[in-house]
Amino acid sequence: MISPQLTQQLLQEAGAILQSDAPREARLQRLMQHLHDRLPHYYWVGIYWLQGDTLVLGPYVGPPTEHVRIPIGRGVCGTAIAENANQIVHDVRERENYLACNLETRSEIVVLIRQPDTGAIIGQIDVDSTQVGAFDESDEAFLEAIARLIAARW
71 MISPQLTQQL LQEAGAILQS DAPREARLQR LMQHLHDRLP HYYWVGIYWL QGDTLVLGPY
131 VGPPTEHVRI PIGRGVCGTA IAENANQIVH DVRERENYLA CNLETRSEIV VLIRQPDTGA
191 IIGQIDVDST QVGAFDESDE AFLEAIARLI AARW
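The structure is reproduced here in structure tokens:
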């Protein structure tokens, strides 16, 4: 749950991070770290890029995960691609196809990154929380804006 004031501030900061002269992966890593640091309920924050029929892990902050490649349709991330829709899972323990990245995760949100001109999916932002019900529509709207900033630069 993110206030409108914090949303505006974080979007300005994200824009500045993404416009820096650093290499692409470094900018994205810095952005993931910034979101993780500024939003206490963002326990794990990362990007998966869509390559063919597989999601491939990009920059992330949080505990290591064994899920560096996820087929379309598997887990919350793969379901987002298969259904062409963002996913908000209030309690991952109630989700049949959940891929456990960390035993402490209780809720998850996945927001698609779309190519600006065509709307084609190019990746996704994946965020986990240790709190049940940590994410709502304000997180989704915020992460959609972050996804647009990312997509506009790639």
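FYI, the numbering for the sequence shown is 71 to 224, going by this note's numbering. Cβ atoms here follow ideal geometry from the backbone N, Cα and C, with glycine treated the same way.
Check	Outcome
Same chain, Cβ closer than 6 Å to A204, five either side skipped, listed in chain order	H111 and S177
Helix, strand or coil at T149 according to DSSP, with G and I counted as helix	helix
Supposed contact pair G132 and V115 - C-beta distance, whole angstroms, cut 8 Å	6 Å
Three-state class that DSSP yields for S73 in the structure shown	coil
Segment limits, beta strand (DSSP E) that includes I142	Note, I142: premise wrong, no beta strand (DSSP E); not H, not E.
Delimiting residues of the alpha helix (DSSP H) encompassing R184	Here R184 belongs to no alpha helix (DSSP H); instead the beta strand (DSSP E) covers S177 to R184.
Beta-bridge pairing of D198 - partner residues as DSSP gives them	W114 and E178
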